[in-house]
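According to numbering that gives the first Met the number 0, the stretch in the sequence shown is residues 0 to 277, in order.
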Amino acid sequence: MAVTVTELTPTTGVEITGLSGSRLVDKAVAEECRSALERRGVVIYREADLDDDDLVAFSRLLGQVVPLPMGGHPTHQEIQRITRDPSKSPLAAYRESTFHWHIDGTTSEIPDRATLLTARQISDEGDGDTEFANTFAAYEALTDDEKRELEGVRVVHSFTASQLLVTPDPSPKERAAWDRNPAREHPLVWTRAGGRKSLLIGATAGEVVGRPADAGRAFLDGLLERATRPEFTLRHRWRQGDLVIWDNTGMLHRALPYGKASSRLMHRTSLAGEEAVA
Ligand code: SIN
0 MAVTVTELTP TTGVEITGLS GSRLVDKAVA EECRSALERR GVVIYREADL DDDDLVAFSR
60 LLGQVVPLPM GGHPTHQEIQ RITRDPSKSP LAAYRESTFH WHIDGTTSEI PDRATLLTAR
120 QISDEGDGDT EFANTFAAYE ALTDDEKREL EGVRVVHSFT ASQLLVTPDP SPKERAAWDR
180 NPAREHPLVW TRAGGRKSLL IGATAGEVVG RPADAGRAFL DGLLERATRP EFTLRHRWRQ
240 GDLVIWDNTG MLHRALPYGK ASSRLMHRTS LAGEEAVA
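Here you go:
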């Protein structure tokens, strides 16, 4: 089958058709994919239909695969099952927080490099699309004065901040459990060794260092609103078997809401971070 490659928005996303199954598990394909991720942030292989072994094998060609012991997969500890069904994942109760814009691994010293998500079962209701927002492009679109205002700003990221979006009034026990996950301070603007800059914002961004809580919240909300305007976003409407990979260091992402009883089931792998936030 012929391979087609289509750029999706002026800044973000590339969709590839005609590559599926073990044809994807190939060094040259992985190299192309890494290069497309660098340029376009999101790479979509339509109806790739990778089985679990090939998903892990392709992930390994792209980078260092992070083990996910809480992933809920019976045989592959590199795979996390993304579902709201608690019989399939011990993390099902936390899925609602993924309905808010976020970046994975912001409470680690080095956030994840990329995420691979493949649709095992799409939602019967037609909901549960995934959206991406390109913070490289959002940063670039700021004026020079606005960029200067962001210099030196530091933000505290925490699991608690992301959970408060879903449960604003937790019980003391719930709150204490969230707070056991260590928070992490990062610069707001992430400058890569090569000079590119992106914004480290989203659901885990709870406080701006040195600012009163309300002022910090308003500032972060304003920046998130700007970074997620339609010109920076891409919406993926899932088909069974699709494989979507994103540069987690510069793309915010969120799932559009799907119900607790939804049939939606995704298999996900994560690639370890490669560059510390600076
Ligand atoms: C995630 O936030 O990692 C999952 C996104 C999705 O389920 O679409």
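Where is the CB? At the ideal position from N, CA and C, for every residue including glycine.
Alpha helix (DSSP H) runs contained entirely in the segment 192-273, provided each spans 4 or more residues: If we require 4 residues or more, the alpha helix (DSSP H) runs fully inside the segment 192-273 come out as 212-226.
Roughly how many whole angstroms lie between the Cα atoms of V311 and F57? In the structure as shown, the chain starts at 0 and stops at 277, and residue 311 therefore has no counterpart that could be examined.
Could you check if I81 belongs to the surroundings of ligand 1, using beta carbon to heavy atom distance under 6 Å? Under cutoff, so the answer is yes.
Tell me whether E14 is buried or exposed, calling it buried when 16 or more other Cβ atoms sit within 10 Å of its Cβ. E14 comes out buried.
Compare the C-alpha of D278 against each of L90, P256, G205, A277 and name the closest. Nothing can be reported for residue 278: it is not among the residues displayed for the chain, which extend from 0 to 277.
Proximal residues to R39 (C-beta, below 7 Å), its chain only, five neighbours per side dropped: Closer than 7 Å at the Cβ level, and outside the excluded window around R39, lie E6, T11, G12, V13.
Inspect the beta-carbon positions of T232 and W100 and report whether they are closer than 7 Å. Their beta carbons are not under 7 Å apart, which means T232 does not touch W100 by this criterion.
Let me confirm a value: D213 is counted as buried when at least 16 other C-beta atoms fall within 10 Å, else exposed. Which label applies? With fewer than 16 Cβ atoms within 10 Å of its Cβ, D213 is classed as exposed.
Expected contact under 8 Å - CB spacing of R225 and A160 to nearest Å: The pair is not a contact, with the Cβ atoms about 19 Å apart (cut-off 8 Å).
Specify, as a first and last residue, the run of the alpha helix (DSSP H) that L115 falls within. L115 -> not in any alpha helix (DSSP H); beta strand (DSSP E) instead, spanning 113-120.
Just to confirm before moving on: does the CB-CB distance between L18 and V42 stay below 7 Å? No, the Cβ-Cβ distance between L18 and V42 is not below 7 Å.
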